[in-house]
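Undergrad: If you scroll down you'll find the structure; I have some questions about it.
2 protein chains.
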Amino acid sequence: MSKHYSVKQLAELSGVTVRTLHHYDQIGLLKPTLRSEKKYRLYNSDDLLRLQQVLFFRELDFSLNQIGEILDDPGFDTKDALLDHRTRLVHRQQHMTSLIRTVDKTLASLEGENHMTLKDNNLYEGFDQEKIDRWNKEVDEKYDPEKIAESKSNIGKMSKDQFEDVRKQGDQVTAAIGDLMGKGATSPEVQELIKLHHAWIENFYVCPAEMYKGLGQLYTENPEFTAFYEKFKPGLAAFMCEAMTYHADNMLRD
Amino acid sequence: MSKHYSVKQLAELSGVTVRTLHHYDQIGLLKPTLRSEKKYRLYNSDDLLRLQQVLFFRELDFSLNQIGEILDDPGFDTKDALLDHRTRLVHRQQHMTSLIRTVDKTLASLEGENHMTLKDNNLYEGFDQEKIDRWNKEVDEKYDPEKIAESKSNIGKMSKDQFEDVRKQGDQVTAAIGDLMGKGATSPEVQELIKLHHAWIENFYVCPAEMYKGLGQLYTENPEFTAFYEKFKPGLAAFMCEAMTYHADNMLRD
DNA sequence: CTTGACCCTCACGTGACGTCATAGCCTATA
DNA sequence: TATAGGCTATGACGTCACGTGAGGGTCAAG
């Protein structure tokens, strides 16, 4: 594969502007492998992969200077980075969910007769940059590349039967939790099952406290998730959310 | 409610900096209702609501100038705007999913023996700003505030029984699609059922083509969604995705 | 009164490009 | 060969949304 791309071609391919590619060349972030006689920039496949990494890091709010340092570190590993991007992107989705929830709460509040039933600090849920930073720090400290790689490999390596077994385990845990709704979300019995539920989730991906908590919220916010859990037992989505939140705040944090 | 907040208090409450609040005051985007004798800024509850709107629009990549124009338009309606934010935030989640999918494809490609089995243009899926812009335009043109308001009201107004009925309809459609997997995802019979499925989704929120397409992808990417659909019939998640993509590309576009 | 936390205005700096000017290069067509 | 259209290059000022720091006043508690 010796194909080379001009700036226009790569700009179209990647969605960035020619100006951006000039800029990245100028600051040393992405230098084309080749320059023609007339100094035209020519990018090869390694350049394309590097640009992809730049764009992922950029998407995840790293500064260009930071990105350069990371990519130029001798210990940099593309696969590790991709796994890290994945985790952060999943968390971004949870962040979106938090904002959506704030929309809904604000709407409900505005539609009520008393406009200010929503507490002032609820207006900005999801916008809390400090909280987001704390989570990023948490992932950085707790993120175990080997564990992520392992769980990702688990998905790829699961046979149909294994996947079916894992799915059934999830159903069983969920049903058992439904049976214990009368015990209360924070009861030892329910919390024991939530622990199993969390372990079940981690069959698919590492799920730190904040993410697990956000997932519980997602169960109540996403109509299809809600429908799925209500099917086990009415009120189960909210119950799961409460139990998961408690578990995340009390068992998963340290 | 006559409580007033100082810049520090509001900064902490909202997650923005004091400097940002100064800046917004200076450019006229968010002027505090009161100034003390000593010119301290004092924000009231209307100010808090306006800041929330500013932050939503900012989150959704509107420029501050644009935000000011929108908010100061005599026809501006907070509820309409909140519904619009919601739609855009949901789409953002789909965008995240697209990026996650690109991560996975890149990983799979790097783990294979032939490093460049992944086509060059697949490297940047999810980064395509033009495509994102096209979608935003599509929503702007097709977004019907009354329809959004209606579907949102529908959720709030649904009784437990009605919600249960809607849920069951979803199950029935999904099961029927599962029964017709042998017909092919693009067959008239399946597409007829997909049409019902789309209508079912719109019980919850308006779902334009791109969003519907992204939802199909989500079914194959999110383990819990996949598990849910596999439960009806093995392979159903991917089948739904294919059928929904076809439907979005051929029936929902105009 | 002193101290520490908070408030104000002013203004230069920063990062990541956007925009434009100027000029050469490449390919196809008349 | 000339022309047109699309592409390339470098250089440099401008834009946006604050970050940072300077200098000075205010408020509450000890």
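Chains A and B are the protein sequences, given in the same order. Count the first sequence with the working numbering and you get residues 1 to 254, in order. Count the second sequence with the working numbering and you get residues 1001 to 1254, in order. Beta carbons are placed, not taken as given, at the ideal position from N, Cα and C, and that holds for glycine. Note that the structure is a prediction, hence the values are computed from the model and not measured.
Tell me whether the beta-carbon of LYS1233 (chain B) lies closer than 7 angstroms to the beta-carbon of GLY1178 (chain B).
TA: On the second sequence, residue 1233 (chain B) is found 233 positions in, with the first residue counted as 1. On the second sequence, residue 1178 (chain B) is found 178 positions in, with the first residue counted as 1. Contact flag set, yes.
Undergrad: Please identify the residue among B:ASP1061, B:SER1045, B:ASN1065, B:SER1006 whose C-alpha is closest to the C-alpha of TYR955 (chain B).
TA: This structure does not reach residue 955 (chain B), given that chain B is present from 1001 up to 1254, and the question cannot be answered.
Undergrad: Is the CB of GLU150 (chain A) under 7 angstroms away from at least one CB in chain B?
TA: Within the first sequence, numbered from 1, the residue matching residue 150 (chain A) stands at position 150. Below a pLDDT of 50, predicted positions are generally treated as unreliable, and GLU150 (chain A), at 38, falls in that range; no measurement from the model is reported.
Undergrad: Going straight from the alpha carbon of ARG19 (chain A) to that of PRO1074 (chain B), what length do you get?
TA: Here residue 19 (chain A) refers to the residue found at position 19 when the first sequence is read from its first residue. Here residue 1074 (chain B) refers to the residue found at position 74 when the second sequence is read from its first residue. Using only the alpha carbons, I get a separation of about 39 angstroms.
Undergrad: In chain B, which residues lie less than 7 angstroms from ARG19 (chain A) when you measure between Cβ atoms?
TA: Residue numbering aside, residue 19 (chain A) sits at position 19 when the first sequence is read from its first letter. The premise fails here: ARG19 (chain A) is roughly 13 angstroms from chain B at the closest Cβ pair, so nothing lies under 7 angstroms.
Undergrad: Nearest by alpha-carbon distance to ALA1237 (chain B): which of B:ASN1250, B:ASP1249, B:TYR1219 is it?
TA: Here residue 1237 (chain B) corresponds to residue number 237 of the second sequence, with the count starting at 1. ALA1237 (chain B) has its Cα closest to that of B:TYR1219, out of B:ASN1250, B:ASP1249, B:TYR1219.
Undergrad: Using a Cβ-Cβ cut-off of 7 angstroms, state whether GLY235 (chain A) counts as contacting chain B.
TA: For the purposes of this step, residue 235 (chain A) is taken as the residue at position 235 of the first sequence. It does not; no Cβ of chain B falls within 7 angstroms.
Undergrad: Which residue from B:ALA1248, B:LEU1030, B:THR1102, B:ASN1044 puts its Cα closest to that of HIS1198 (chain B)?
TA: What you label residue 1198 (chain B) is simply residue 198 of the second sequence in a count that begins at 1. Ranking B:ALA1248, B:LEU1030, B:THR1102, B:ASN1044 by Cα distance to HIS1198 (chain B) puts B:ALA1248 first.
Undergrad: Using a Cβ-Cβ cutoff of less than 8 angstroms, which residues in the same chain neighbour VAL173 (chain A) once the five nearest sequence positions on both sides are dropped?
TA: Your numbering for residue 173 (chain A) matches position 173 in the first sequence. Result list for VAL173 (chain A): LEU193, LEU196, HIS197, TRP200, in chain order.
Undergrad: Quick one: measure Cβ to Cβ for THR1102 (chain B) and GLY1068 (chain B), integer angstroms, because I've assumed they're closer than 8 angstroms.
TA: Counted from its first residue, the second sequence places residue 1102 (chain B) at position 102. Counted from its first residue, the second sequence places residue 1068 (chain B) at position 68. With a Cβ gap of about 35 angstroms, THR1102 (chain B) and GLY1068 (chain B) do not count as contacting.
Undergrad: Cα-Cα, which of B:LEU1071, B:GLY1015, B:GLN1009 is closest to TYR1043 (chain B)?
TA: What you label residue 1043 (chain B) is simply residue 43 of the second sequence in a count that begins at 1. Nearest C-alpha to TYR1043 (chain B): B:GLN1009.
Undergrad: What alpha helix (DSSP H) runs, 4 residues minimum, are completely inside the stretch 1041-1112 of chain B?
TA: Counting only runs of 4 or more, we get 1045-1059, 1064-1072, 1078-1111.
Undergrad: Where DSSP assigns a beta bridge to LEU34 (chain A), which residues make up the other side?
TA: Taking the first residue of the first sequence as 1, we reach residue 34 (chain A) at position 34. DSSP output for LEU34 (chain A) lists A:LEU42 as bridge partner(s).
Undergrad: Are there 16 or more other CB atoms within 10 angstroms of the CB of TYR40 (chain A), so buried, or fewer, so exposed?
TA: On the first sequence, position 40 is the one that residue 40 (chain A) refers to. Label assigned to TYR40 (chain A): exposed.
Undergrad: Between VAL54 (chain A) and chain B, is any beta-carbon pair separated by less than 7 angstroms?
TA: Counting from 1 along the first sequence, the entry for residue 54 (chain A) is found at position 54. No, VAL54 (chain A) does not count as interfacial toward chain B.
Undergrad: Check whether the stretch 75-85 of chain A touches the stretch 1054-1062 of chain B, counting contact only when three or more Cβ pairs, one atom from each stretch, lie closer than 8 angstroms.
TA: No contact exists between the stretch 75-85 of chain A and the stretch 1054-1062 of chain B.
Undergrad: Ends of the alpha helix (DSSP H) at MET240 (chain A)?
TA: Counted from its first residue, the first sequence places residue 240 (chain A) at position 240. Taken as a continuous stretch (DSSP letters only), the alpha helix (DSSP H) holding MET240 (chain A) covers 236-247.
Undergrad: Could you give the first and the last residue of the continuous alpha helix (DSSP H) run that contains THR1017 (chain B)?
TA: Counted from its first residue, the second sequence places residue 1017 (chain B) at position 17. THR1017 (chain B) -> no alpha helix (DSSP H), and no H or E assigned at all.
Undergrad: Is the beta carbon of MET244 (chain A) less than 7 angstroms from the beta carbon of TYR212 (chain A)?
TA: If you number the first sequence from 1, residue 244 (chain A) lands on position 244. If you number the first sequence from 1, residue 212 (chain A) lands on position 212. Yes.
Undergrad: How many angstroms separate the CA atom of LYS152 (chain A) from the CA atom of ASP1061 (chain B)?
TA: Translated into positions along the first sequence, residue 152 (chain A) becomes position 152. Translated into positions along the second sequence, residue 1061 (chain B) becomes position 61. The predicted model places LYS152 (chain A) with a pLDDT of 39, which falls under 50 and marks its position as unreliable, so this point remains unresolved.
Undergrad: Under 7 angstroms between C-beta atoms, does ILE177 (chain A) make it to chain B?
TA: In the first sequence, the residue the question calls residue 177 (chain A) occupies position 177. For ILE177 (chain A), the answer is no, since every Cβ of chain B falls outside 7 angstroms of its Cβ.
Undergrad: For SER1151 (chain B), name the three-state secondary structure that DSSP assigns.
TA: By 1-based counting over the second sequence, the position of residue 1151 (chain B) is 151. For SER1151 (chain B), the pLDDT reaches just 38, beneath the cut-off of 50, and the residue's location in the model is therefore unreliable, although a value from the coordinates is still provided. Three-state result, SER1151 (chain B): helix.
Undergrad: Look up TYR124 (chain A) in the DSSP assignment and say whether it is helix, strand or coil.
TA: Along the first sequence, read from residue 1 onward, the residue named residue 124 (chain A) stands at position 124. Residue state, collapsed to three classes: coil.
Undergrad: Roughly how many angstroms lie between the CA atoms of ASP1140 (chain B) and ALA1227 (chain B), to the nearest whole one?
TA: Here residue 1140 (chain B) refers to the residue found at position 140 of the second sequence. Here residue 1227 (chain B) refers to the residue found at position 227 of the second sequence. Low confidence applies here, because ASP1140 (chain B) scores a pLDDT of 40, under 50, leaving its location unreliable; read the following figure in that light. ASP1140 (chain B) and ALA1227 (chain B): Cα-Cα distance of roughly 34 angstroms.
Undergrad: Given a threshold of 16 other Cβ atoms within 10 Å of its Cβ, counted over all protein chains shown, does THR1017 (chain B) qualify as buried or as exposed?
TA: Against the second sequence, residue 1017 (chain B) aligns to sequence position 17. Per the 10 Å Cβ criterion, exposed.
Undergrad: Report the rounded CA-to-CA distance for SER36 (chain A) versus GLU12 (chain A), giving the unit in angstroms.
TA: Locating residue 36 (chain A) in the first sequence gives position 36, counting from the first residue. Locating residue 12 (chain A) in the first sequence gives position 12, counting from the first residue. Those two C-alpha atoms are separated by around 20 angstroms.
Undergrad: Specify, as a first and last residue, the run of the alpha helix (DSSP H) that ALA199 (chain A) falls within.
TA: For the purposes of this step, residue 199 (chain A) is taken as the residue at position 199 of the first sequence. From DSSP, the alpha helix (DSSP H) with ALA199 (chain A) extends over 188-201.
Undergrad: For chain B, find out if any of its Cβ atoms is closer than 7 angstroms to the Cβ of LYS147 (chain A); answer yes or no.
TA: The residue given as residue 147 (chain A) occupies position 147 in the first sequence. Below a pLDDT of 50, predicted positions are generally treated as unreliable, and LYS147 (chain A), at 36, falls in that range; the measurement from the model is reported next regardless. No, LYS147 (chain A) does not count as interfacial toward chain B.
Undergrad: I'd like to know whether the C-beta atoms of LEU1110 (chain B) and LYS38 (chain A) end up nearer to each other than 7 angstroms.
TA: The sequence position of residue 1110 (chain B) within the second sequence is 110, counting from 1. The sequence position of residue 38 (chain A) within the first sequence is 38, counting from 1. No, they are not a contact pair.
Undergrad: Determine, using beta carbons only, whether MET1251 (chain B) comes closer than 7 angstroms to chain A.
TA: Your numbering for residue 1251 (chain B) matches position 251 in the second sequence. With 7 angstroms as the cut-off, MET1251 (chain B) does not count as an interface residue toward chain A.
Undergrad: Based on DSSP bridge pairs, tell me the residues matched to TYR1005 (chain B).
TA: Your numbering for residue 1005 (chain B) matches position 5 in the second sequence. TYR1005 (chain B) is bridged to B:TYR1043.
Undergrad: Can you list the residues of chain A that HIS1247 (chain B) reaches, using a CB-CB cut of under 7 angstroms?
TA: The sequence position of residue 1247 (chain B) within the second sequence is 247, counting from 1. Near HIS1247 (chain B) there are no residues of chain A at all, since even the closest Cβ is about 17 angstroms away, more than 7 angstroms.
Undergrad: For ALA1175 (chain B), count neighbouring Cβ atoms within 10 angstroms of its own Cβ and tell me buried if that reaches 16, exposed if not.
TA: Residue 1175 (chain B) sits at position 175 when you count from the first residue of the second sequence. So ALA1175 (chain B) counts as exposed.
Undergrad: Of all the options A:GLY216, A:SER6, A:GLU230, which has the alpha carbon lying nearest to the alpha carbon of HIS95 (chain A)?
TA: In the first sequence, the residue the question calls residue 95 (chain A) occupies position 95. Here the closest residue by C-alpha is A:GLY216.
Undergrad: Name, please, each residue of chain B whose Cβ falls closer than 7 angstroms to the Cβ of ARG92 (chain A).
TA: Position 92 of the first sequence, counting from 1, holds the residue named residue 92 (chain A). The contacting residues are MET1096.
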